[in-house]
Amino acid sequence: MEKKKKSESLKLVKIRDAINLINQEVNLLGVVIERREPKQCRNKAWICTLRIIDDSYHEPGLTVNVFSNKIEELPDIKNKYHNDMILFTRIKMQSFGGDGKGVSGACRQRASSFAVYEGRRRQELQDGFVCYQYTSNFLEEAQYKSSIAYLGKVFASSSSYDEGDNILM
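Per the numbering used here, residue 3 is the first one in the sequence shown, and the count goes up by one each step.
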């Protein structure tokens, strides 16, 4: 079997499918439902933990650990109402825990990349989705444009924001 070239693009997969692809690289698109504050690792690198969902996997969401040598290169999710989306490329799916039932994704500094898109209210969907942060090694997202639009519509927030609203209902 021939090994894939690094430049070849991986197909976008749903979270439900990705959790079964242990030790493989995948491309994922998800809505960010949680972002933990960045922490410094023992090796002086930084880690930021996100939890994402998509239309195939709502509960409990997939944990993705994003690593970087610089804190400012970690995802900075703007929208506190949890409808901003993140596109990960080449993250490695990993199992953890003794039973191997725990699964997470690792966004590695050199091999992986990400782009963050601002969520939209329902009445703003025609405006498209704006990318407001991306890693320096993130390549053209044109091939994922329809997937971004679809997931954005599925999770579009209501027209009025209230502090206590849960848009994921």
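Cβ coordinates follow ideal geometry from the N, Cα and C atoms, glycine included.
Please read all numbers here as calculations on a predicted model, not as lab measurements.
Taking all protein chains shown into account, decide if residue i is buried (16 or more other Cβ within 10 angstroms of its Cβ) or exposed.
i    : result
C43  : exposed
K6   : The predicted model places K6 with a pLDDT of 42, which falls under 50 and marks its position as unreliable; any figure quoted below should be read in that light. Classification of K6: exposed, given that the 10 Å Cβ count is below 16.
R37  : buried
A144 : exposed
E120 : buried
Who are the near neighbours of residue i in its chain, counting only those whose CB is closer than 8 angstroms to its CB and skipping five residues on each side?
i    : result
G104 : S97 and F98
S58  : K16, I17, R18 and D19
Give me, in chain order, the residues of the same chain whose beta-carbon lies closer than 6 angstroms to that of residue i; leave out the 5 immediate sequence neighbours on both sides.
i    : result
F90  : L30, C109 and F116
D167 : Because the pLDDT at D167 is just 42, under 50, the model does not fix this residue reliably, and the point stays unresolved.
Do we get a CB-CB distance below 7 angstroms when we pair residue i with the residues of chain B?
i   : result
L52 : Although the question refers to chain B, the structure presented lacks it and comprises just one protein chain.
Return the Cβ separation of residue i and residue j in integer angstroms, given the expectation that the two are a contact with Cβ distance under 8 angstroms.
i    : j    : result
G107 : L153 : Contact doesn't hold; Cβ gap of about 16 angstroms is too wide.
I150 : M95  : I150 to M95, Cβ: 21 angstroms. No contact.
I35  : I54  : 7 angstroms
Identify, in the order they occur along the chain, each residue of the same chain with its Cβ nearer than 7 angstroms to the Cβ of residue i, setting aside the five sequence neighbours on each side.
i   : result
D78 : Q135
Minimum length 3: unbroken beta strand (DSSP E) runs contained in the segment 18 to 93:
Restricted to the segment 18 to 93, the beta strand (DSSP E) segments that are unbroken, complete and at least 3 residues in length are 27 to 37, 48 to 56 and 59 to 70, listed in chain order.
Any contact of the segment 47 to 54 with the segment 70 to 81, i.e. 3+ C-beta pairs under 8 angstroms?
Segments in contact, yes.
Could I get the ranges of all uninterrupted beta strand (DSSP E) runs contained in the segment 126 to 166, with 3 residues as the minimum, in chain order?
Entirely contained in the segment 126 to 166, the beta strand (DSSP E) runs reaching 3 residues are, in chain order, 133 to 136.
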